[in-house]
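Peer 1:
Residue numbers (full-length UniProt numbering): 1 to 268.
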């Protein structure tokens, strides 16, 4: 970004920071959020050198201490790197820690990166059917009760209450990961809760027929409850396939280029 472009961002940057949650977050947190969102959205492109510290201090009306703390936050999340005499540069996107809960929170408020969400779904197509299969073999009565409670919460949640639907949906999937009794899957459930919430926020809002989605969750629950191992695998794969179709609906609204109808289609 040129100096002129940086100067043009001064008022916008200050307005966005003053409009933020100043009562609950520090200036350095708000700077990190704004810069992070600009990087994630491509305003600052990959490999691009950020404005100098002096320029950023003017843009955000911040001290060097607050700014440097914000840059350290971004560096720890893999978004930027500082080099002597070369400035602070945006790192390539493959090095960004987009599974970081704070980064996912930032991504929620900008135009969705459907390539990233597609990557989440592709990963889920590998992990979650296998977890459901293990859950059908290993789940205890307590595990089943947690999965059933999450499904019931989904069933009774009003369709227009997105927060309640998302919360129950995330609890359903993380409960199955834990019910697999595989410690790696269980830890993935903890780590991916924010990522799942981010993904569901897009796909649930795009779902044309929520009842179809709800029915698919019920099929997964029933297969696990009845210890139908292969069926649990297949039903979970089918459930995640619905999410891939929902992403296509998002793409058709013009946010990004169209995506394959089914992520598990061998002909794509």
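By construction, the Cβ of each residue, glycine as well, lies at the ideal position given by its N, Cα and C atoms. All figures in this text were calculated on a predicted structure; none of them were measured in a lab.
Are residue 90 and residue 39 closer than 8 Å when you measure CB to CB?
Peer 2: The residue given as residue 90 occupies position 90 in the chain shown. The residue given as residue 39 occupies position 39 in the chain shown. Yes.
Peer 1: Would you call residue 121 buried or exposed, if buried means 16 or more other Cβ atoms sit within 10 Å of its Cβ?
Peer 2: Counting from one through the chain shown, the residue named residue 121 turns up at place 121. Classification for residue 121: buried.
Peer 1: Can you pull the DSSP bridge partners for residue 83?
Peer 2: In the chain shown, residue 83 corresponds to position 83, counting from 1. Under DSSP, residue 83 forms a beta bridge with 87.
Peer 1: Put residue 126 into one of helix, strand or coil per three-state DSSP.
Peer 2: Residue mapping note: residue 126 aligns to position 126 of the chain shown, counting from 1. Of the three classes helix, strand and coil, the one that applies to residue 126 here is helix, per DSSP.
Peer 1: Determine the burial state of residue 265: buried for a count of at least 16 other Cβ atoms within 10 Å of its Cβ, exposed for fewer.
Peer 2: Within the chain shown, numbered from 1, the residue matching residue 265 stands at position 265. Note on residue 265: pLDDT 45, under 50, position unreliable in the model; the coordinate value appears next. Flag for residue 265 reads exposed.
Peer 1: If residue 112 sits next to residue 236, beta carbons under 8 Å apart, how far is it from one beta carbon to the other, in whole angstroms?
Peer 2: As a working mapping, residue 112 is identified with position 112 in the chain shown. As a working mapping, residue 236 is identified with position 236 in the chain shown. That belief does not hold up - the Cβ atoms of residue 112 and residue 236 are roughly 24 Å apart, past 8 Å.
Peer 1: Around the C-beta of residue 107, are 16 or more other C-beta atoms found within 10 angstroms, so that it is buried, or is it exposed?
Peer 2: Here residue 107 refers to the residue found at position 107 when the chain shown is read from its first residue. Classification for residue 107: buried.
Peer 1: I'd like to check one pair, residue 109 with residue 77: are the Cβ atoms closer than 8 Å?
Peer 2: Working through the chain shown from its first residue, we reach residue 77 at position 77. Working through the chain shown from its first residue, we reach residue 109 at position 109. Their beta carbons are not under 8 Å apart, which means residue 77 does not touch residue 109 by this criterion.
Peer 1: Could you compute how far the alpha carbon of residue 246 sits from the alpha carbon of residue 166?
Peer 2: Mapped onto the chain shown, residue 246 falls at position 246. Mapped onto the chain shown, residue 166 falls at position 166. Residue 246 and residue 166 have their alpha carbons spaced roughly 15 Å apart.
Peer 1: In the DSSP assignment, find the alpha helix (DSSP H) that holds residue 156 and state where it starts and stops.
Peer 2: As a first step, residue 156 is located in the chain shown; it is residue number 156 there, counting from the start. Looking at the DSSP string, the run of the alpha helix (DSSP H) that includes residue 156 is 141-156.
Peer 1: Quick check: what's the CA-CA separation for residue 54 versus residue 84?
Peer 2: Taking the chain shown and counting its residues from 1, the one referred to as residue 54 is at position 54. Taking the chain shown and counting its residues from 1, the one referred to as residue 84 is at position 84. Spanning the two alpha carbons is a distance of roughly 16 Å.
Peer 1: Could you work out which residue in 80, 162, 29 is closest to residue 210 when comparing CA atoms only?
Peer 2: To locate residue 210, count along the chain shown from 1; it is residue 210. Taking only the C-alpha atoms, the option nearest residue 210 is 162.
Peer 1: Using a C-beta cutoff of 8 Å, does residue 162 count as contacting chain B?
Peer 2: The structure shown has no chain B; it contains just one protein chain.
Peer 1: Which residue wins for smallest C-alpha separation from residue 223, given the options 144, 119, 63?
Peer 2: As a first step, residue 223 is located in the chain shown; it is residue number 223 there, counting from the start. The shortest Cα separation from residue 223 among 144, 119, 63 belongs to 144.
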